[in-house]
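**Student:**
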Amino acid sequence: MKFAIISDSSCDLAESYVEQEQVSVVPFYVSFDGEHYLKEGKEAKITEFYQKMADNPECYPKTSMPSVQDYIDAFRSFAEKEIPVLCICLTQTFSGSMQAAVNAKAEVEEEFPNARIEILDSQLVTGLQGLLVKEAVRLRNAELELDEALPALEQIRSTGHIFFTTKDLKYLEHGGRIGKAACLAGSMLNIKPILQFYDRELGPTELCRGRKKSLHKIIEKFFSYVEQEKICLEDYMLITGEGLDVPEYQTFKEELKTDLKKRGYEIEQWEEIQIGATIGVHTGPYPLGVGILKKCKIEN
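Following this line, the structure appears as C-alpha cells:
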C-alpha cells in the first residue's frame with residue numbers, strides 16, 4: 567500500500583466499498599434530542615435515520631463532527647507502521663471536521679516523528695466527496711505515490727456540482743438556508759426547492775410547484791449546466807442519490823438515463839448512493855439529485 571486513505575463519513579460511501587478498498591471512515595455523530603449522539607452509519611443507520619425523521623415531522627436532528635480523538639485513533643495505527651496517510655474531509659464551509667483532523671495530525675506527528683499525514687479539504691459534500699475518495703483509491707491502486715496523487719486530487723475538486731431537491735422546505739428554513747416567510751408560502755403552495763451545491767456552497771437556485779415537476783427541473787438544470795459549461799461527460803464521474811423514497815428515485819434515474827441516451831452521452835462511471843445524515847439534516851428524509859466530478863488524469 568503506497569498510502570492509506572481516510573475520510574469522514576460525509577463521503578457516504580457504501581460499507582462494502584470501504585471494506586474492499588481499505589478506506590478508513592471516521593464517523594460523524596447524529597442526535598435526535600441534542601444529548602445522545604450515535605455514530606453515523608454504525609450506531610445510526612441512514613435508512614433508520616430518515617425513517618425517524620419521516621415518522622416525527624417536528625423533530626430536527628443534528629449532526630456533530632468527529633472528535634480530535636476519533637482522528638487520532640484513525641491516524642495512529644498507520645503512523646506506528648510509518649504508512650503515509652491521506653485524510654479527505656468534508657468542506658470546511660460545512661463543518662469543523664477538517665480542523666479536528668489537523669489538530670489530531672499535530673498530536674500524532676509529535677508522538678511519531680516519522681509519520682506523514684496529509685489533510686485534504688475536499689471542498690465537497692456527500693457523494694461528491696465520495697467520488698473524490700474513489701479517485702484517491704484509483705490513484706493509489708495505480709501505484710501513484712502520495713506526492714503524485716495529492717495535486718491530482720486538488721486539481722479536480724473544484725469541478726464538483728450537484729443539483730437536487732427535497733419534499734419539504736422546513737428543514738432548509740430550520741437550518742437557515744431560506745427565510746421563515748418563504749418556507750410558509752412555499753408549503754402552502756406546494757412549492758419544492760431546486761438546490762445546488764457548487765463552489766463550496768449549498769443553497770436554493772429556483773422554486774418549482776410540485777414534486778414531479780421539481781424532479782424534471784433537476785434534470786433540465788443539470789443538462790443546461792453541462793451544455794453551458796461545454797462539459798465532456800466522458801471525462802466525468804456521474805452520481806445520483808436518494809434518501810428514503812427508493813421507488814421515486816428509480817423513476818428519476820430512468821428518466822435521467824433516457825435523457826442521457828437521447829443526447830448521445832455515454833457514462834462510463836455512474837455511482838449511486840444513499841445520501842447521508844450530514845446533508846439529510848438540512849433536506850429532510852426525501853433528498854434526491856444528480857452530480858458530477860471530473861476524473862483525474864493519470865500519465866502513462
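Residue numbers (this note's numbering): 567 to 866.
Every residue gets a Cβ at the ideal spot worked out from N, C-alpha and C, and that includes glycine.
Nearest-angstrom Cα distance between GLU614 and ILE845?
**Tutor:** The residue labelled residue 614 in the question sits at position 48 within the sequence shown. The residue labelled residue 845 in the question sits at position 279 within the sequence shown. Straight-line Cα distance between these residues: approximately 15 Å.
**Student:** Report the CB separation of GLY857 from SER576 in whole angstroms; it is logged as a contact under 8 Å.
**Tutor:** Within the sequence shown, the letter at position 291 stands for residue 857. Within the sequence shown, the letter at position 10 stands for residue 576. Not quite, the Cβ-Cβ distance comes to about 14 Å (not below 8 Å), so this is no contact.
**Student:** Taking only three categories from DSSP, how would you classify HIS602?
**Tutor:** Counted from its first residue, the sequence shown places residue 602 at position 36. Three-state result, HIS602: coil.
**Student:** Tell whether a beta-carbon distance below 8 Å holds between ASP687 and GLY850.
**Tutor:** As a position in the sequence shown, residue 687 is number 121, starting the count at 1. As a position in the sequence shown, residue 850 is number 284, starting the count at 1. No.
**Student:** Between VAL703 and the rest of its own chain, which residues show a CB-CB distance below 7 Å, the 5 nearest in sequence each way excluded?
**Tutor:** Here residue 703 refers to the residue found at position 137 when the sequence shown is read from its first residue. Closer than 7 Å at Cβ, skipping near neighbours: ILE571, GLU587 and VAL589.
**Student:** Based on DSSP bridge pairs, tell me the residues matched to LEU773.
**Tutor:** Walking along the sequence shown from the start, residue 773 turns up at place 207. LEU773 pairs with PRO759.
**Student:** Give the DSSP-derived three-state secondary structure of LYS611 in the structure shown.
**Tutor:** The residue labelled residue 611 in the question sits at position 45 within the sequence shown. In this structure, LYS611 counts as coil in the three-state DSSP scheme.
**Student:** Tell me whether the beta-carbon of VAL651 lies closer than 8 Å to the beta-carbon of ARG682.
**Tutor:** Position 85 of the sequence shown holds residue 651. Position 116 of the sequence shown holds residue 682. Taking 8 Å as the Cβ cut-off, VAL651 and ARG682 qualify as a contacting pair.
**Student:** Using only CA atoms, which one of ASP765, ILE784 and GLU767 lies nearest to PRO759?
**Tutor:** The residue labelled residue 759 in the question sits at position 193 within the sequence shown. For the residues ASP765, ILE784 and GLU767, the minimum Cα distance to PRO759 belongs to ILE784.
**Student:** Do you know offhand how far TYR583's Cα is from LYS796's?
**Tutor:** For this step, residue 583 is matched to residue 17 along the sequence shown. For this step, residue 796 is matched to residue 230 along the sequence shown. Roughly 32 Å separates the two Cα atoms.
**Student:** Compare the beta carbon distance of VAL596 and PRO627 with 8 Å and say whether it is the shorter of the two.
**Tutor:** The residue you call residue 596 lines up with position 30 of the sequence shown. The residue you call residue 627 lines up with position 61 of the sequence shown. A contact, by the Cβ cut-off of 8 Å.
**Student:** Select from GLY807, SER790, THR806 and GLU814 the residue whose C-alpha is nearest the C-alpha of ARG777.
**Tutor:** Here residue 777 refers to the residue found at position 211 of the sequence shown. That would be GLU814, whose Cα lies nearest to the Cα of ARG777.
**Student:** In its own chain, which residues sit with a C-beta less than 6 Å from the C-beta of MET567, not counting the 5 before and 5 after it?
**Tutor:** On the sequence shown, residue 567 is found 1 positions in, with the first residue counted as 1. Answer for MET567: no residue qualifies.
**Student:** Look up PHE729 in the DSSP assignment and give the residues it is bridged to.
**Tutor:** Stepping through the sequence shown from its first residue, residue 729 is reached at position 163. Bridge partners of PHE729: GLN762 and VAL856.
**Student:** May I ask you to report which of helix, strand or coil DSSP gives VAL592?
**Tutor:** On the sequence shown, position 26 is the one that residue 592 refers to. Strand at VAL592.
**Student:** Can you tell me whether DSSP reads LEU652 as helix, strand or coil?
**Tutor:** Along the sequence shown, read from residue 1 onward, the residue named residue 652 stands at position 86. In the structure shown, LEU652 sits in a strand (DSSP, three-state: E or B).
**Student:** Hey, would you say LEU781 sits closer than 8 Å to THR824, going by beta carbons?
**Tutor:** Here the question's residue 781 lines up with position 215 in the sequence shown. Here the question's residue 824 lines up with position 258 in the sequence shown. No, the Cβ-Cβ distance between LEU781 and THR824 is not below 8 Å.
**Student:** Using 8 Å for Cβ pairs, my map puts ILE839 next to ASP578. What's the rounded Cβ distance?
**Tutor:** Locating residue 839 in the sequence shown gives position 273, where the first residue counts as 1. Locating residue 578 in the sequence shown gives position 12, where the first residue counts as 1. That pair is a contact at about 5 Å.
**Student:** Buried or exposed: ARG723, going by 16 or more other Cβ atoms within 10 Å of its Cβ?
**Tutor:** Position 157 of the sequence shown holds residue 723. Under this definition ARG723 is a buried residue.
**Student:** One question on the structure: do CYS655 and ILE685 come within less than 8 Å of each other, judged by their Cβ atoms?
**Tutor:** Locating residue 655 in the sequence shown gives position 89, counting from the first residue. Locating residue 685 in the sequence shown gives position 119, counting from the first residue. Yes, the pair counts as a contact, with Cβ atoms nearer than the cut-off.
**Student:** In terms of residue numbering, what span does the beta strand (DSSP E) encompassing ILE839 cover?
**Tutor:** As a working note, residue 839 is residue 273 in the sequence shown. Looking at the DSSP string, the run of the beta strand (DSSP E) that includes ILE839 is 836–840.
**Student:** Using the DSSP secondary-structure output, state which residues sit across from ASP687 in a beta bridge.
**Tutor:** Position 121 of the sequence shown, counted from the first residue, corresponds to residue 687. ASP687 is bridged to CYS655.
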